[in-house]
Every structure is written in structure tokens, then in C-alpha cells.
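Quick note on numbering: the UniProt record's numbering labels position 421 of the sequence shown as 421, and the sequence is numbered without any gaps. Structure first, commentary second.
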Amino acid sequence: MTDSNTDELPFYRALSQLKRSLVPVILFSCVINILMLVSPLYMLQVYDRVLISASQPTLLFLTLFAIAALMVLIALDSVRSLVLSRVGCRFENDVASYTFKNILEQGGHSQPLRDIETVRSFISSPALAAIMDAPWTPLYLGLIYVLHPWLGHLALAGAIVLFTLALIGESLTRKVQSESTSASGEAYRFTDICARQQSAIYAMGMADNLKAKWREPRMQSLATSAVATQRSGYISSLSKGIRFSLQVGILGMGAFLVIQQESSPGVMIAASIIMGRGLAPIEACISGWRLVIQARDAKARLIAFQQHFAEPVEPLPLPAPVGNLAVKNIIYQFDGSESPLLKDISFHISAGTVLGITGPNAAGKTTLGKLLLGLVKPIHGEIRLDNATYDQWDREQLGPYIGYLPQEVELFPGSIAENIARFNDASPEQIMEAGQLAGVHDMILHLDQGYNCAAGDFGEVLSGGQRQRVALARAVFGQPKLVLLDEPTSSLDAEAERSVMKAIVALKQQGATVIVIGHRPALMNVTDQLLVLRDGRIAAFGETQEIMSQLIRPVVETKSS
Numbered sequence: 001m002t003d004s005n006t007d008e009l010p011f012y013r014a015l016s017q018l019k020r021s022l023v024p025v026i027l028f029s030c031v032i033n034i035l036m037l038v039s040p041l042y043m044l045q046v047y048d049r050v051l052i053s054a055s056q057p058t059l060l061f062l063t064l065f066a067i068a069a070l071m072v073l074i075a076l077d078s079v080r081s082l083v084l085s086r087v088g089c090r091f092e093n094d095v096a097s098y099t100f101k102n103i104l105e106q107g108g109h110s111q112p113l114r115d116i117e118t119v120r121s122f123i124s125s126p127a128l129a130a131i132m133d134a135p136w137t138p139l140y141l142g143l144i145y146v147l148h149p150w151l152g153h154l155a156l157a158g159a160i161v162l163f164t165l166a167l168i169g170e171s172l173t174r175k176v177q178s179e180s181t182s183a184s185g186e187a188y189r190f191t192d193i194c195a196r197q198q199s200a201i202y203a204m205g206m207a208d209n210l211k212a213k214w215r216e217p218r219m220q221s222l223a224t225s226a227v228a229t230q231r232s233g234y235i236s237s238l239s240k241g242i243r244f245s246l247q248v249g250i251l252g253m254g255a256f257l258v259i260q261q262e263s264s265p266g267v268m269i270a271a272s273i274i275m276g277r278g279l280a281p282i283e284a285c286i287s288g289w290r291l292v293i294q295a296r297d298a299k300a301r302l303i304a305f306q307q308h309f310a311e312p313v314e315p316l317p318l319p320a321p322v323g324n325l326a327v328k329n330i331i332y333q334f335d336g337s338e339s340p341l342l343k344d345i346s347f348h349i350s351a352g353t354v355l356g357i358t359g360p361n362a363a364g365k366t367t368l369g370k371l372l373l374g375l376v377k378p379i380h381g382e383i384r385l386d387n388a389t390y391d392q393w394d395r396e397q398l399g400p401y402i403g404y405l406p407q408e409v410e411l412f413p414g415s416i417a418e419n420i421a422r423f424n425d426a427s428p429e430q431i432m433e434a435g436q437l438a439g440v441h442d443m444i445l446h447l448d449q450g451y452n453c454a455a456g457d458f459g460e461v462l463s464g465g466q467r468q469r470v471a472l473a474r475a476v477f478g479q480p481k482l483v484l485l486d487e488p489t490s491s492l493d494a495e496a497e498r499s500v501m502k503a504i505v506a507l508k509q510q511g512a513t514v515i516v517i518g519h520r521p522a523l524m525n526v527t528d529q530l531l532v533l534r535d536g537r538i539a540a541f542g543e544t545q546e547i548m549s550q551l552i553r554p555v556v557e558t559k560s561s
């Protein structure tokens, strides 16, 4: 992907917007740092002028002016914090939706969303404000030089030491912090995978073994995180000790200069306050450096993630699909595989046709089904729905016309009605129509709260067969024009299997193109055409009865012989 293309991605537009949004924050920081000089200037005037002149009006005027300026300082600092918080939330809002959609469309885990949250937390944190204040440190040091060169030398030496500590801290924590984040992400992904297979784990007593497997990345994350925290803590404590020592040193040197009549008490106090303010951003950066590293690594991972996705080009709206499907010279190969899984797949089916796809295990049936819906892309060849490739269809426009029952069925948190309606604002009549078409209406009514029954996470409240039947109702919701059912009867009894076959016949009568992947002869008998896959190639394709007779004939001849 070229740089010009990446700049057009929502992620990079959000980064550009973020930079523009920080401009007023930088201006606030300028005013805040100027107002920070009010306190030392007030001390300088009080000690060197008011106490000598004993002028009460001057003291009153200076005090009122200082209080007013400090009130403005407090207000601006509060506004800066508020703006940073809103800028961070806006960045997350701009990027998270796009990233979430990419995760859904391309597959993956939730780490990019956690990275977005990390970046947002950094934007809203005091660490970013400290980084914005850090460029003012040379100005404060220069002012100390104006007060007295010796004081300036001491403050400059302290700043150099603290800055060196910051670099050492970054060097010591960068690698271990990255390792901790990586191991933590691995542990979270493993937890997600195990949670989705809880029943199998419990049934086969695998919990202790998997816990040991989970503990490996988790303990690595904890160990490296502890090292990073320990090193960061040492550096932070050392920096505080150095800053306190500098405060003592500059007061001591100031007092010495006063005794030598080379300076004044006001200069001594003002220099101490200015140095404290000048070194505060460096110390804050040291304390928050771990968050800086986390945000930097998160940004790098987000950039790497986003570079895989091009800016979606809004396709022209196409007429509603009819269901004609044409497949031409399809070749598909998994990443990292040495040979293609599917080779030279070509066929055509007309709208209203019921196509069965069968074959031995690992023949590529499920992958072919995903190709036929545009869920994955072939490395060669094309698939056209009503003469248009899937790239030419707007998925949001096409989605309502597609029905899909995957081999591994999972429902989403929400009610059964919401799952059937695909979380659209559908009427009860439309939802129950889909339930009746799928033959699941009576089953749902026998559940507590019927269609309002909560499906639970991944549909865990329902049995495997119930989930599959609800997912079938979801697939047929809205009278789709292209329906793919992958092993739709694998978890069903004979009665439920007959309901599925009735649903297939009803879909055909509605003019839908139905693709059924399976092994059971009874299921294949309701199809019009049959495609047999073997070793990634089409072994047979044609009218179902003709193909079935070809498959049965060798078996009969073998038994006869």
C-alpha cells in the first residue's frame, strides 16, 4: 500500500485530526507556562521590594494580581485537561468503529481495540501534558541564569542529569515493556479461545492442563511487567531524590550568594521555584514513561494493522440481486500453504436453484462455500453474483439478501428475536415469519419468554441443535436471494432435519438460490444440482439424480461382485 493510499485511511485521517486538535492545547500550554512565572515573580517582588519599602498598597496590589493570575492558570489547566480528554475520546470514536468493522470482515482478535484504548488513555493522561510542558524547561533555565549564573549552572546540571535518567529509563524499560504487552495479548487470546470451548474443557478434564498452558504467557507477562515497573520505579525514585537535592542545593547556593552579597533573598526563593517548575515536566515524563512506551507500541501495532486495509470505495448501488451465481476458474490457497486447496473450480447456477455440495472430509467444501459468499477471496478466478463481483457490491446493501448458516454456529448476546432479525428493527411478524419458515417457531415458544429469551454469550443458553435452528431462522430472515447452509443438520434429529428440508423447498419456491453443504443423502435429495468435490477439484457436477446414480453405481457393483 502506497503512502498516498495510507494517508486516505480513516486511521490516518484521525491521526491528522488529532494533531490539529492539539494545536489549541499547545497554545494553552504556552499561556499556562507563562503564568507559572507569577509565583516566583511575586516572591521576588515581595522579598526584594515590599519588605524593604514596607508598602502595604504595593503588597495588596501584587497579591491581588498574583491571585487573579493563578485563578486564570487553574482555569486554563482544567480546560487543557478537558480538551485532552475529549480529543482522546474523539480519536477513539473515529478509529474504533472502522477497526471493529475490519476485525469483523477480515477476522482477528480484539488487540487493536485495546491498542486504541491505550492510545486514548495516553492522550488524556498527564504524561502528554508534561511532554507539552517540557520544551519550556530551557526558558526556565535561562531565567535562572538571568538571576545568577551560578544558580543557572546548578539548575542546568540537574536538568542534564534528569534528562539522562529519562533516556536510561527508556532504554531499560522499552524492551521488557514490549515483551510484557505481547505476552499479555497472547494470554488474553488464549483465554478467549478457551472460553468458547468451555464445555469440551470441562467434559474432558482439561482445565488444569490448559491453565498451565495459559500461565506460561501470563507469568512471562507478569515477570517482564514487574521488571519494567521495578526499573521505572528505581528511575522515578532516583529522579525525585535528585530534584529534592537540587532544591536544597539551589537554596543553599542562593543563601551563600546572599551572604556574599552577590544576590538577594528574593532571587534565592524565585530561583528555587523556577527550577522546580522547569524540572517538573522532566520528572513527570520519567514517572509516566511506561505509559508513553505502551502508547508508542500500541500506535505501531495499529499502523501495522491498518496498513492491511484499503480505504473502502463506495460502490455504486446495484439492483437487488436475483441469485444467479457464476464461478470461473477459481483457485484458492491458504497463506503459508505449499499447494492450493481448490483448483480450477468453474460452474454456473441460475436463480431459484438448489445446489448441493458434497465430498469427503477436507475436500474444501466449507472454503468453497465462503468463496461463494465473498467471505474470502480466491488467488485466481472470479465469482459473480448477477454478473457483478463481490467487490462491486456494497456489503451493507447486499447483506439483507444473503443468508448464511455456518458450520460452527454461534449466536450473539441478546434475545432470540434480535438474533433472528440480525439486530435490525424488524417487526414481530417478520421475525416470526422467519421462525416459521425455519420450522423453529414452536420450539422457541416453548422457551422461557419465547422470542424474548436471552441467547447468552455465543448462544450458550441453548443446546447445539437449538442454536443451529435459531441460526437457520436468522439465515432465512427477510426472504434472502442467496442462502448457504453449511452442514445444516449436523446437530439435529430426524424431525428437525425434515424441518430444514421443508425450509429449503420453501426458499426455492420463493425464488432463492440455495447452496447446501453436507453428506446426508436425504438432504441432498431436495437439491436440483449436485457438485462433488474431491482433492480440491470438481469430481462431478450436474443434475442431482444423475450424479447420485453415478455415486451409487460403483458401490452396488462392488457389493454384487
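Cβ atoms here follow ideal geometry from the backbone N, Cα and C, with glycine treated the same way. Owing to the predicted nature of the structure, the values given are computational and were not obtained by experimental measurement.
* Asked: Considering only the beta carbon of each residue, do Arg231 and Ala183 sit closer than 9 Å?
  -> no
* Check whether the Cβ atoms of Ile470 and Ile402 sit closer than 9 Å, and answer yes or no. => The sequence given here has Val at residue 470, not Ile. Cβ distance not < 9 Å, so Val470 and Ile402 don't count as in contact.
* Val284 versus Leu373: straight-line alpha-carbon distance, rounded -> Residue identity check: residue 284 is Ala in the sequence provided, not Val. If I take the Cα positions, the gap works out to 54 Å.
* To do: Tell me, please, which residues DSSP counts as bridged to Glu382.
  => Lys328
* Asked: At a cut of 8 Å, does the stretch 137-157 reach the stretch 273-290 through at least three beta carbon pairs?
  -> yes
* Spatially closest choice to Leu437 from Gln510, Pro406, Leu492 and Ala300, by CA coordinates -> Gln510
* Check each candidate in Val514, Ser239, Leu51 and Thr358 and name the one with the smallest Cα separation from Gln479. => Val514
* Asked: Do Pro317 and Asp425 have their C-beta atoms within less than 9 Å of each other?
  -> no
* Who are the Cβ neighbours of Tyr42 in its own chain at under 7 Å, not counting the five residues just before and after it? -> Leu62 and Ala66
* Asked: In chain order, what residues of the same chain lie with their CB nearer than 6 Å to the CB of Ile547, ignoring the 5 residues before and after it?
  -> Leu530 and Ala540
* **Nearest to Tyr98 (by Cα), restricted to the options Leu151, Leu302, Val87 and Trp214** => Leu302
* Asked: For the beta strand (DSSP E) that Thr358 lies in, which residues bound it at each end?
  -> Val354 to Thr358
* Leaving aside the five residues before and after residue 563 along the sequence, list all residues of the same chain whose C-beta is less than 8 Å from its C-beta, in chain order. => Residue 563 is absent from the structure shown; the chain starts at 1 and stops at 561.
* Asked: Hey, would you say Leu342 sits closer than 9 Å to Arg537, going by beta carbons?
  -> yes
* Please go through the same chain and pick out, in chain order, the residues whose beta-carbon is closer than 7 Å to the beta-carbon of Ser225, but skip the five residues on each side of it. => Ser180
* Going straight from the alpha carbon of Thr118 to that of Ala212, what length do you get? -> 28 Å
* Taking the C-alpha atoms as reference points, what is the distance between Gly364 and Lys101? -> 27 Å
* To do: Can you grab the Cα-Cα spacing for the pair Trp136 / Ala130, in whole Å?
  => 10 Å
* **alpha helix (DSSP H) runs contained entirely in the stretch 396-468, provided each spans 4 or more residues** => 416-420, 428-437 and 441-445
* To do: Quick one: residues in its chain with C-beta nearer than 7 Å to the C-beta of Ala255, no 5 flanking neighbours on either side, listed in chain order?
  => Met268
* Could you check which residue in Ser287, Gln177, Glu216 and Ser171 has the C-alpha nearest to that of Thr191? => Glu216
* Asked: Which first and last residues belong to the beta strand (DSSP E) in which residue 618 is found?
  -> The structure shown does not extend to residue 618, since the chain spans only 1 to 561, so no value can be given for it.
* Asked: Hey, out of Ser427, Arg90 and Ala75, whose CA is closest to Ile116's CA?
  -> Arg90
* Asked: So the beta strand (DSSP E) Ser490 belongs to, where does it begin and stop?
  -> Element bounds for Ser490: n/a, residue is neither H nor E.
* With Ser125 as the anchor, note down where its alpha helix (DSSP H) starts and where it stops. => Counting along the chain, Ser125 falls outside any alpha helix (DSSP H), and DSSP gives it neither H nor E.
* Can you name, in chain order, every residue of its own chain whose Cβ lies under 7 Å from the Cβ of Gly435, other than the five neighbours on each side? -> Ile420, His441, Ile444 and Ala473
* Within its chain, find whatever has a CB closer than 7 Å to the CB of Val227; leave out the 5 residues flanking it on each side and keep chain order. => Val176
* Which class does Ser339 belong to by DSSP, given the choice of helix, strand or coil? -> coil
* Where does Thr389 land, buried or exposed, given buried means 16+ other C-beta within 10 angstroms? -> exposed
* Asked: Using 8 Å as the Cβ pair cut-off and three pairs as the minimum, do the stretch 339-354 and the stretch 322-329 touch?
  -> yes
* To do: Measure the alpha-carbon distance for Cys194 versus Val25 and round it to whole angstroms.
  => 45 Å
* To do: In the DSSP assignment, find the unbroken beta strand (DSSP E) run with Arg537 in it and report its ends.
  => Arg537 to Glu543
* Helix, strand or coil at Leu302 according to DSSP, with G and I counted as helix -> helix
* Asked: For Ile293 versus Glu170, is the C-beta distance shorter than 9 Å?
  -> yes
* Can the beta-carbon of Ile273 be found closer than 9 Å to that of Ser29? -> no
* Pull up the distance between the alpha-carbon of Asn329 and that of Asn525, whole angstroms please. => 27 Å
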